[in-house]
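Under the working numbering, the first residue of the sequence shown is numbered 16, with each subsequent residue one higher. Glycine residues also receive a C-beta, built at the ideal position from the N, C-alpha and C atoms. See structure below.
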Amino acid sequence: MVVSQILDSRPLDLPVAHEARYDSLDVKDSSRCESGTRTRIQERICLWADDDSGEPLFWLVGPAGTGKSTIARTIADLLENKNRLAAGYFFKRGEEGRNGTSRLFPTLASQLTETFPAFKGCLRKSLGDLDRDAVEKKGLDVQFNRLLSLPLADLSRGTSRLTMVIIIDALDECERPDHLKQVLALLSKLGAGNTICLRVLVTSRSTSAVRAAFGGVRYRNLDLETEYRDETQTDVATFLMQRFTSIKNRFGISDPWPDQQQLDRLIHLSTTPSPLFIYAATLCRFIDTDERDDPMDQLNLWLQQCDSNTPQLDQIYLPILHYALFGSYNIHEKPKPLAENLRTELFDVLGAVVLVVTPLSSTAMAALLGIPTHRVALLLRHLHAVLSIPCDPQSPVQLLHKSFSDFLLSPQGSDGCDYGVDATQTHAMLAAKCIQRMEKGLKQDICDIRKHDVSRSEIEQHVIDKHIPADLRYACVYWVYHLQRSKGSLGGEVPLFLYKHLLHWLEALVLLGRFWVCAVAINQLLKMCQQCPNSHGELHDFIKDAEKVIANFGPFIRETPLQIYKTLILFSPVASKVRQNFWDQRPRDLRIQGVKSDWNTHDAERGVIKVISPDSQTVVSSNSTLWLWDTTTGVCRQVLEGHRRKVTAVTFSPDGQIVASASWDWTVRLWDTTTGICCQVLEGHRDRVTAVAFSPDGQIVASASWDWTVRLWDTTTDVCRQVLEGHRRKVTAVAFSPDGQTVASASNDETVRCWDVATGMHRQTLSSCFTRSLAFSPSSSTVLLTDFGALDLLTTSFIGESSPPKEIVLSPASSSIGLSPDKTWIVKGGEKVVWLPRDYTPWSTAVRGSAMFVSCSEGHFLRIVATMT
């Protein structure tokens with residue numbers, strides 16, 4: 016019992032967007048509805064939450080600035096006080112990891128473990144062996160089932176009927192609009208069939224993607240643009256009066272201020288043609304933004320520049336931006352225009368604030384844009400009413416409201432001035448600045464580690480942060496993102512950067528724990544090249560080769576980053592463009608002969624080809640590791656590591672989503688072909704497992720072993736359903752009949768036995784010779800037997816076994832060169848210097864003087880010579 020309690024108390028490792036939770040500091044510090052405002056709207060939402068027959072979804076919809084998020088946060092507080100709030104997810108544009116969908120369900124699940132303590136155990140049971148990375152890479156339907164649906168169903172047993180609410184705010188800011196329909200369809204199922212009924216309150220603007228997503232689901236809605244307009248106007252007036260009372264008290268201003276005429280004018284501006292809380296909130300920040308400015312003067316300035324014929328958002332933002340540019344809030348006056356270079360810098364800064372993927376501090380922004388830090392502060396000093404500009408220069412500068420981004424990206428220019436940010440040009444500028452920053456900051460061994468065998472986990476985070484500051488980190492991760500959106504060509508600085516800094520960039524990403532970014536970015540660059548094949552032929556070939564290098568060496572260099580400059584260069588094929596480009600940077604203390612000549616399907620294979628996927632898109636090869644190869648490109652998609660000994664058999668599930676592998680380590684493993692994650696380890700055999708097969712429906716795996724038995728496993732629970740005993744010698748093959756009712760097994764006792772899948776009963780024994788593989792006829796009535804030397808119709812090659820040659824070692828102790836005890840490193844002078852790729856796994860070695868000769872498992876023969884440095 017004590018052990019069980021300890022295990023249940025362990026934290027769950029889920030990919031959570033902590034800033035999106037309803038109890039995050041960001042959400043808690045954001046505004047709520049003023050007392051006495053938005054009361055009817057709140058009541059209507061609460062009535063829906065209390066209605067036992069209510070719709071599963073409530074859509075609070077309205078234009079920018081109507082207070083949707085403020086209402087959502089207020090409702091969250093109300094429900095939390097009543098113990099009715101289950102969880103929340105608050106989208107916010109411009110924050111990495113918060114605005115996708117891959118962390119939505121995990122973040123909701125993490126909150127449910129706190130709302131319902133018993134949910135944690137149900138969730139742990141449902142997750143099984145799935146870790147953080149595997150969860151994040153799963154499809155939305157799988158995430159929903161494993162994280163929410165199944166645990167809630169398990170939790171509901173013995174629980175009284177209870178209705179709780181989940182809040183999803185600013186859904187229109189989700190960066191995956193193509194996922195929204197599936198997200199809402201799944202969320203609408205939360206109340207179905209469970210005693211714990213979860214309703215979902217969704218807020219958003221009325222975009223086409225959100226409108227389409229609500230099609231096909233039951234929901235109740237409230238449109239802030241058309242409903243309760245009179246009450247909202249009154250609420251805006253109440254908000255203004257309460258805020259002015261606060262300002263008067265803080266500055267010691269005596270009544271009457273503002274006078275009734277001023278207040279009426281402000282209320283009219285804030286509510287005509289539509290009641291916009293963002294208008295009222297921004298003007299209050301403008302009046303109360305600086306201790307050095309008199310609020311009474313600020314109010315007069317605001318009223319003087321207002322033009323009732325100007326759109327409301329323009330009334331808010333044009334004067335503020337005009338002042339930053341020209342020193343006057345009157346858009347018709349330009350007494351102190353910024354110098355042209357300062358104007359350019361201001362719009363570069365504003366463009367960065369609006370379009371960066373993740374918010375940057377003023378310090379990082381200055382370094383990235385090449386602007387002195389103090390000047391960024393000067394350029395932004397008049398924009399506190401529209402931007403969150405912390406006193407700490409290391410904290411991020413952010414938009415206070417998305418409507419300012421909309422204004423900048425869709426300028427009105429009513430006075431003939433261009434106040435806008437051109438998104439395409441700004442992305443091009445940011446891409447160029449990122450490349451310039453990397454050219455300036457990247458180099459070999461950027462963290463000054465000096466030892467090439469040091470693993471990434473051994474390097475302390477503060478060392479990485481010191482040598483790769485925030486601006487360089489941003490440039491490394493996002494330069495291709497901005498380049499894609501600039502719609503420009505790949506000429507000029509891009510090829511120059513890649514030819515000089517590709518390996519330095521890769522090293523930095525490995526150190527940052529963002530190795531996957533390189534693989535994705537290279538693929539995106541390749542697609543950009545393919546759009547103009549005649550213009551970028553040489554660059555295309557280089558990037559294509561880089562893709563192969565990363566696929567082949569990635570599993571190791573992401574753990575040992577400095578081997579990029581040794582193993583990657585030395586063991587890439589002789590014809591590799593990357594190897595040729597960086598050959599001058601190779602280590603000079605070793606000379607290696609015998610490296611394969613080029614990338615091709617045969618040279619790239621590792622182990623023996625075992626099976627091809629049902630759709631013919633993937634081939635699996637193996638020894639003790641499995642490799643999944645793309646049959647079109649020849650690129651390795653996944654490396655599946657976990658077996659401790661030779662893999663003897665591999666098969667795909669009928670849908671191609673799972674690979675099952677049998678091994679001499681007495682186990683069967685099930686792997687997710689998309690993520691490469693080991694889903695299940697099936698243990699129970701007492702000797703080598705020699706064969707494995709899926710049932711036609713994919714629900715059962717059969718495994719054959721030298722322990723004379725066949726085992727049938729449930730693929731959903733990893734439970735052994737049947738142990739089929741009867742053979743008198745090693746079992747060598749197993750197969751299901753097409754109808755799934757019979758499983759056949761072949762043995763060295765020269766028999767084939769047929770078993771009933773449902774009961775495990777023995778049906779029939781057939782005499783045979785020594786058999787290595789089995790197959791049924793389509794009618795399930797005939798069994799085909801084959802032995803060694805049988806023709807494999809998939810590969811048109813003969814499959815056989817061979818034994819490795821004996822190892823020959825000639826006086827290794829007397830030499831300065833040799834192999835590490837585990838045969839994975841070339842050692843010189845007792846130190847690890849170069850890692851041996853798996854293509855070159857040694858079968859036998861001979862050492863003489865300063866030279867070592869290695870016979871490799873893939874048929875290669877290497878001569879490695881230690882040279883003087």
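The residue from E698, E765, Y338, S720 with its alpha-carbon nearest to that of T732 is E698. Within its own chain, the residues whose Cβ lies closer than 7 Å to the Cβ of C189, once the five positions on either side in sequence are excluded, are F106, N114, T116, L195, listed in chain order. Look at the beta carbons and you see the segment 196-211 touching the segment 225-232: at least three pairs across the two are nearer than 8 Å. The alpha-carbon of V716 is positioned some 39 Å away from that of F586. By the CB criterion at 8 Å, R36 and G103 fall inside the cutoff.
Sorting S376, V251, E574 by C-alpha distance to the C-alpha of V469 places E574 at the top. Contact annotation: R108 and G82 have beta-carbon atoms that are not nearer than 8 Å. By a beta-carbon distance limit of 8 Å, Q695 does not contact D250. Their separation comes to about 56 Å. A straight line joining the alpha-carbon of R659 with that of N567 spans about 21 Å. Residues K592 of the same chain have their beta carbon placed closer than 7 Å to that of D556, with the five preceding and five following residues left out of the count. The residue among V707, M179, P711, T730 with its C-alpha nearest the C-alpha of W721 is V707.
Scanning S865, Y855, T839 for the CA closest to the CA of I832 turns up S865. About 5 Å separates the beta carbons of D303 and I262, which is inside the 8 Å limit, making them a contact pair.
By a beta-carbon distance limit of 8 Å, I461 contacts E522. Their separation comes to about 6 Å.
Contact between L394 and L357 is confirmed by a C-beta separation of about 7 Å, below the 8 Å threshold. If one requires a minimum length of 4 residues, the alpha helix (DSSP H) runs lying completely within the segment 237-289 are 244-266, 275-286, in chain order. Per DSSP, the unbroken beta strand (DSSP E) holding G103 starts and ends at 100-105. Beta bridge pairing from DSSP links I181 with A102, V215. V704 is positioned such that its CB atom lies no closer than 8 Å to that of V758.
Boundaries of the alpha helix (DSSP H) around C299: 292-302. The C-beta of D486 has 16 or more other C-beta atoms within 10 Å across all chains shown, which makes the residue buried. The DSSP-derived three-state label of D702 is coil.
The C-beta distance from L518 to Y580 rounds to 7 Å, short enough to meet the 8 Å contact threshold. Closest in C-alpha terms to T786, from the list R778, V798, P570, M776, comes V798.
DSSP places S376 in no beta strand (DSSP E); its state is neither H nor E.
The residues Y338, A339, in chain order, have a CB closer than 6 Å to that of H397 in the same chain once the five nearest residues on each side in sequence are set aside. Within the same chain, Cβ atoms closer than 8 Å to the Cβ of Q600 are found at Q459, L518, Y580, I584, the five residues on either side in sequence being excluded. For L75, the closest alpha carbon among the candidates Y294, L415, V217 is that of V217. Using a 10 angstroms sphere on the CB of S50, the tally of other CB atoms stays under 16, which defines it as exposed. Cβ-Cβ separation between R258 and C299: approximately 5 Å, consistent with a contact (criterion under 8 Å).
Spanning the alpha carbons of E151 and T730 requires a straight line of approximately 21 Å.
Each residue's CA atom was taken as its position, placing L375 and S45 some 20 Å apart.
One Cα belongs to R235, the other to D65, and the distance between them is close to 13 Å. With respect to the 8 Å criterion, V401 and M380 are not classified as neighbours on the basis of their beta carbons. By the Cβ-count criterion, L511 is exposed, with fewer than 16 other Cβ atoms from all chains shown falling within 10 Å of its own Cβ. Closest in alpha carbon position to E360, among L384, T378, G342, is L384.
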